[in-house]
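Quick note, the sequence shown lines up with residues 1 to 302 if you use UniProt numbering.
Built from N, CA and C at the ideal position, the CB exists for glycine as well.
First the structure, in the form of structure tokens, and then the observations on it.
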Amino acid sequence: DFLALRLVNGDDCAGRVEVFHNGTWGSVCSNSMSQLTAATMCKHLGCGDAGGIEPDFKYGRGSGPTWLDHIECTEQHSSLWQCQSDPWDPQSCSNRAEETHISCTGRKGATSPAAFAECPNSTSCSDKEKLRLMGGEDECSGRVEMWHQGSWGTICDDTWDTADANVVCRQLGCGSAVSALSEAAFGEGTGPIWLEKVHCKGTELSLWDCPAKPLFGKNCDHKEDAAVNCSAHQKALPTAFHKGTLSHTTLCCCILSARAGPITEHTRLSVPVILCIVLGTLLCLVLAILAGQIRRARAQQR
1 DFLALRLVNG DDCAGRVEVF HNGTWGSVCS NSMSQLTAAT MCKHLGCGDA GGIEPDFKYG
61 RGSGPTWLDH IECTEQHSSL WQCQSDPWDP QSCSNRAEET HISCTGRKGA TSPAAFAECP
121 NSTSCSDKEK LRLMGGEDEC SGRVEMWHQG SWGTICDDTW DTADANVVCR QLGCGSAVSA
181 LSEAAFGEGT GPIWLEKVHC KGTELSLWDC PAKPLFGKNC DHKEDAAVNC SAHQKALPTA
241 FHKGTLSHTT LCCCILSARA GPITEHTRLS VPVILCIVLG TLLCLVLAIL AGQIRRARAQ
301 QR
């Protein structure tokens with residue numbers, strides 16, 4: 001499940017802070033929290049660019065877990081999920097008096113409509129448009145990036161495997177996964193790292209349907225960005241045979257494929273490419289046999 005943030009027992013822009021994690025709403029502790037962190041929460045909620053911590057706990061006490069403590073945001077952060085904190089713990093606060101209460105100076109709608117746009121380029125979009133591959137040779141290979149909270153971010157490669165890659169490729173209309181790559185195989189991304197420990201079965205229609213752990217803190221960096229190679233968008237190969245003979249274009253394709261060199265980690269092989277390599281090899285053998293027969297015939301004539 002993706003993270004969510006809300007204020008309770010007040011209004012949209014004032015109240016006790018709660019975050020949604022592991023299927024449950026819980027409080028946030030105020031230890032070492034700065035006014036800048038409170039202002040970041042206000043930005044995140046679309047409640048203006050400023051706000052402060054309420055000292056009198058006037059928005060009541062929570063009853064669920066206390067998920068986070070020691071949250072530290074900077075001026076560069078526009079979302080709470082980009083800030084550093086202690087690890088997730090359902091008993092982060094020593095007591096309920098440490099729960100965070102804030103009041104924001106703005107109101108819903110006061111920030112730019114694009115601040116946390118649901119879609120990268122329009123007001124409505126499908127899950128496919130919220131996912132992209134960057135740094136590869138085409139739109140079906142590269143570093144996995146997802147749109148969330150108004151910005152593109154990457155996915156940590158912890159537990160990243162072919163089942164996860166299959167869902168990404170299918171969601172993008174790129175066929176099935178040829179490989180699930182790790183350690184920033186297509187270069188390091190920038191911006192937030194939105195997810196880690198993605199656990200897809202491989203049959204889901206969207207990455208949004210897979211269980212995953214939202215990243216919070218320093219558990220991952222961009223050296224661990226996940227990537228994929230998908231099977232689709234191979235260069236189209238012409239028909240191998242036409243009236244019993246190889247066409248000139250196919251001949252060139254097969255010879256080039258047969259001489260393509262060693263297969264690397266990033267090579268994407270499909271049935272047409274394999275067929276072309278086999279045909280190219282057979283053609284070379286046939287030409288060698290014909291050349292030998294021609295030489296023998298000439299020798300006999302002499």
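* To do: Would you kindly report the start and end of the unbroken alpha helix (DSSP H) that includes Gly170?
  => Numbered from its first residue, the sequence shown carries residue 170 at position 170. According to the sequence displayed, residue 170 carries Arg and not Gly. Boundaries of the alpha helix (DSSP H) around Arg170: 162-171.
* Considering only residues of the UniProt domain "SRCR" (5-105), which uninterrupted beta strand (DSSP E) runs meet the minimum length of 3 residues and lie entirely inside it, listed in chain order? -> Qualifying beta strand (DSSP E) stretches, in chain order: 14-21, 24-28, 51-53, 66-68, 101-104.
* Count the other CB atoms, across all protein chains shown, that sit within 10 Å of the CB of Pro211; report buried if there are 16 or more and exposed otherwise. => To locate residue 211, count along the sequence shown from 1; it is residue 211. Within 10 angstroms of the beta-carbon of Pro211 lie fewer than 16 other beta-carbons, which makes it exposed.
* **Residues near His148 in its chain [Cβ-Cβ closer than 6 Å; skip 5 each side]** => Counting from 1 along the sequence shown, the entry for residue 148 is found at position 148. Scanning its chain for C-beta atoms nearer than 6 Å, with the 5 sequence neighbours on each side dropped, one finds around His148 the residues Trp194, in chain order.
* **Sequence-distant residues of the same chain with beta carbon closer than 8 Å to Ala177, five excluded per side** => In the sequence shown, counting from the first residue as 1, residue 177 sits at position 177. If we look at Ala177 and ignore the five residues flanking it on each side, its Cβ neighbours are Thr162, Ala165, Asn166, Val168, Cys169, Val228, Asn229, Cys230, Ser231.
* **For Ala227, the first and last residue of its enclosing beta strand (DSSP E)** => As a working mapping, residue 227 is identified with position 227 in the sequence shown. 227-230 is the span of the beta strand (DSSP E), which, as asked, contains Ala227.
* Would you say Ser78 and Lys43 are within 7 Å of each other, going by their C-beta atoms? -> Taking the sequence shown and counting its residues from 1, the one referred to as residue 78 is at position 78. Taking the sequence shown and counting its residues from 1, the one referred to as residue 43 is at position 43. For Ser78 and Lys43, yes; Cβs fall inside 7 Å.
* Asked: Does the separation of the CB atoms of Gly52 and Ala38 fall below 7 Å?
  -> Locating residue 52 in the sequence shown gives position 52, counting from the first residue. Locating residue 38 in the sequence shown gives position 38, counting from the first residue. In terms of Cβ geometry, Gly52 and Ala38 form a close pair [threshold 7 Å].
* Asked: Can you tell me where the beta strand (DSSP E) with Leu133 in it begins and where it stops?
  -> The sequence position of residue 133 within the sequence shown is 133, counting from 1. Looking at the DSSP string, the run of the beta strand (DSSP E) that includes Leu133 is 131-135.
* To do: Kindly indicate the opening and closing residues of the beta strand (DSSP E) around Trp152.
  => In the sequence shown, the residue the question calls residue 152 occupies position 152. Start and end: 151-155.
* Cβ neighbour criterion (16 or more within 10 Å) applied to Lys213 -> As a first step, residue 213 must be located in the sequence shown, where it is residue number 213. With 16 or more other Cβ atoms within 10 Å, it is buried.
* Below 8 Å, can you find three or more Cβ-Cβ pairs linking the region 87-105 to the region 139-147? -> The region 87-105 vs the region 139-147: no contact.
* Asked: Going by other Cβ atoms of all chains shown within 10 Å of its Cβ, with 16 needed for buried, is Val286 buried or exposed?
  -> The residue given as residue 286 occupies position 286 in the sequence shown. Around the beta carbon of Val286, fewer than 16 other beta carbons sit within 10 angstroms, so the residue counts as exposed.
* To do: Can you have a look at Gly280 and say buried or exposed, based on whether 16 or more other CB atoms are within 10 angstroms of its CB?
  => Taking the sequence shown and counting its residues from 1, one reaches residue 280 at position 280. Buried, since its Cβ has 16 or more Cβ neighbours within 10 Å.
* To do: Report the three-state DSSP secondary structure of Val178 (helix, strand or coil).
  => For the purposes of this step, residue 178 is taken as residue 178 along the sequence shown, with counting starting at 1. Assignment of Val178 by DSSP, reduced to helix, strand and coil, places it in the strand class.
* Asked: Val144 by DSSP, collapsed to three states: which one?
  -> Residue mapping note: residue 144 aligns to position 144 of the sequence shown, counting from 1. Correct three-state label for Val144: strand.
* Asked: Taking buried to mean at least 16 other C-beta atoms within 10 Å of its own C-beta, is Ser124 buried or exposed?
  -> Within the sequence shown, the letter at position 124 stands for residue 124. Exposed: under 16 other Cβ atoms inside 10 Å.
* What's the C-alpha gap between Lys58 and Trp25? -> As a first step, residue 58 is located in the sequence shown; it is residue number 58 there, counting from the start. As a first step, residue 25 is located in the sequence shown; it is residue number 25 there, counting from the start. Just so you know, the alpha carbons of Lys58 and Trp25 end up roughly 19 Å apart.
* Collapsed DSSP secondary structure at Lys128 in the structure displayed -> Position 128 of the sequence shown, counting from 1, holds the residue named residue 128. Annotated three-state conformation of Lys128 is helix, per DSSP.
* To do: Could you pull out every residue in the same chain whose Cβ sits closer than 6 Å to the Cβ of Gly109, ignoring the five residues on either side in sequence?
  => Translated into the one-based positions of the sequence shown, residue 109 becomes position 109. At Gly109, the pLDDT of 46 sits below 50, so the modelled position is not reliable; the number obtained from the coordinates is stated separately. Once the five neighbours on either side are set aside, Gly109 has no close Cβ partner at all.
* **Cα-Cα separation, Gly46 to Leu7** => The residue labelled residue 46 in the question sits at position 46 within the sequence shown. The residue labelled residue 7 in the question sits at position 7 within the sequence shown. Answer to the nearest angstrom: the Cα atoms are 12 Å apart.
* Kindly indicate which three-state DSSP category Leu282 falls into: helix, strand or coil? => Here residue 282 corresponds to residue number 282 of the sequence shown, with the count starting at 1. In this structure, Leu282 counts as helix in the three-state DSSP scheme.
* What is the residue span of the beta strand (DSSP E) that Trp194 lies within? -> Taking the first residue of the sequence shown as position 1, residue 194 is located at position 194. Per DSSP, the unbroken beta strand (DSSP E) holding Trp194 starts and ends at 193-196.
* To do: Look at the alpha carbon of Asn95 and the alpha carbon of Gln82, and state the distance between them as a whole number of angstroms.
  => The residue given as residue 95 occupies position 95 in the sequence shown. The residue given as residue 82 occupies position 82 in the sequence shown. Straight-line Cα distance between these residues: approximately 26 Å.
* Buried or exposed: where does Thr154 fall if 16 or more other Cβ atoms within 10 Å of its Cβ makes it buried? -> By one-based count along the sequence shown, residue 154 stands at place 154. When all chains shown are included, Thr154 counts as buried.
* **For Lys213, the three-state DSSP class (helix, strand or coil)** => Your numbering for residue 213 matches position 213 in the sequence shown. Note: Lys213 maps to strand in three-state DSSP.
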